[in-house]
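Quick note on UniProt numbering: the sequence shown kicks off at 1 and runs consecutively.
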Amino acid sequence: MHASEAARLAALRSLGVLDTPREERFDRMVRLARRVFDVPMAAITLIDEDRQWHKANAGFDGFREGPRHESFCTHTVERPEILVVPDATQDARFAGNPHVVGEPHVRFYAGEPLRAPGGERVGALCLVDTRPHDLGESERALLREMADWVERELAHQQEMDHAVEVQRLLLPAAPPPLNGYELAGRYLPARQVGGDFYDWYLLGDQLQIEVADVMGKGLAAAIIASSVRALLRGGARFNEQGSAVTKAAAALDPDLTGTSTFVTLFSARLDPATGDLAYVDAGHGLAGIADGRGGYRRLEPSGPPLGVLPDLTYPAHTTRLAPGESLVVVSDGYLDFFPVVEEALQVAADVVAACTSAEEVVASFADYAGERSLADDATVLVLHRVGR
């Protein structure tokens, strides 16, 4: 295999689109192309190593893939500009093609190359007709504009796949063993990956937990979330709770200011022996302690979100998690279901009262969100102290 073909195939597969289900955003494009150019068939075709595969098509009667050597579009990816075949029966390259001599009796073909973000030609936006004709200059320019639209959507898919992977790496492994406590968390993505994450880890004999929400969506938000997580983890090992958050905020400030981004954060450190909890709430405002009987107390704020104002000091507050109580922290994705924060926290307290474990509480939140359409990511973390 030639090196350029290997690079082309690598770029195609990195898009993460091959063999995925149909999507309305792509189906809409081919329906529009068919109407605009007044042709019976249009498709978004991707050229794999030995096959052609349609991400979307209109008018092809269930066709989804076929041999590459029978594809008109394989010729399109070999050239940098549009390929127009006015009459396939008069073109030596295609006159014997089974789609020309047999159904659907292709005569006209026009294909505009589709490029991956690196410039590799991975497929074509193509038009097909059963009658011969040409394509005027203005129509060729319009087909190029529509191909640009397809390319942006393909690149967006690749970015979202990368964001999903970054998001996955942000989430912690199984909760650390902690005698007398239960710990559980869940992240539920909305239609677009955002910057929510939760974290937990041991610092000697103490437990560190975080829930953060980066403003924004996609890969950029996920990358910023990764930076927040790394700075918090690094700083927590050498600083008390308030100092760790303050130093992380200072280190993040240039990036957050430069991207007009802010981060809400709840960060806490538990002494398991006593239940003492030192915490910082930086603009998060969605943390409370449920007593297991339907009551709760809301935790105090420490300051605005990270990135809102420079050179801020975030003081740590302290509270105690008594036996039978649960710390519940959610992200603002859950606020879409409630008119006010107090109602959201009361529902959380009621859920805690009805459940017998931290994992059951988290599962109840996940079920509640799963029954509704999430406009924003939703994250929940529950730390329960066993006993009463």
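We treat Cβ as the ideally placed atom computed from N, Cα and C, and that holds for glycine.
When the Cα of TYR109 is compared with those of GLU360, LEU135, GLY59, which residue comes out closest? It is LEU135.
Roughly how far, in whole angstroms, is the beta-carbon of LEU125 from the beta-carbon of ILE44, given that I think they are within contact range, below 8 Å? Contact check for LEU125 and ILE44: beta-carbon distance about 6 Å, within the 8 Å limit, so the pair qualifies.
Quick one: give me the first and last residue of the beta strand (DSSP E) that GLY66 is part of. Per DSSP, GLY66 belongs to the beta strand (DSSP E) from 65 to 67.
When you compare only the Cα positions, how much space is there between TYR201 and LEU232? Distance from the CA atom of TYR201 to the CA atom of LEU232, rounded to whole angstroms, is 11 Å.
Top-ranked residue by Cα proximity to VAL17, from HIS54, ALA92, SER357: Ranking the options by Cα distance to VAL17, first place goes to HIS54.
Distance check for ALA225 and PRO80, CA to CA, integer angstroms please. Rounded to the nearest angstrom, the two C-alpha atoms are 39 Å apart.
Since VAL128 sits in a beta bridge, which residues does DSSP pair it with? DSSP output for VAL128 lists MET41, TYR109 as bridge partner(s).
Under the three-state reduction of DSSP, which class applies to ALA273: helix, strand or coil? In this structure, ALA273 counts as coil in the three-state DSSP scheme.
Since ALA282 sits in a beta bridge, which residues does DSSP pair it with? Bridge partners of ALA282: LEU265, GLY303.
Residue interval of the alpha helix (DSSP H) (run including VAL308): That residue, VAL308, is in no alpha helix (DSSP H); it is neither H nor E in DSSP.
Just to confirm before moving on: does the CB-CB distance between GLY307 and PHE365 stay below 8 Å? No, the Cβ-Cβ distance between GLY307 and PHE365 is not below 8 Å.
Do ARG385 and GLY294 have their C-beta atoms closer together than 8 Å? For ARG385 and GLY294, no; Cβs fall outside 8 Å.
State the start and end residues of the unbroken beta strand (DSSP E) segment that holds ALA184. Segment 181 to 188, the beta strand (DSSP E) holding ALA184.
Pull up the DSSP beta-bridge partners for ASP213, would you. Partner(s): ASP196, THR264.
I'd like to know if the stretch 203 to 215 and the stretch 262 to 272 are in contact, where contact means that at least 3 CB-CB pairs between them fall below 8 Å. Taking 8 Å as the limit for Cβ pairs, the verdict is that the stretch 262 to 272 does touch the stretch 203 to 215.
Tell me whether the stretch 233 to 249 and the stretch 307 to 321 touch, counting them as touching only if at least three CB pairs, one residue from each stretch, are closer than 8 Å. Yes: at least three Cβ pairs fall under 8 Å.
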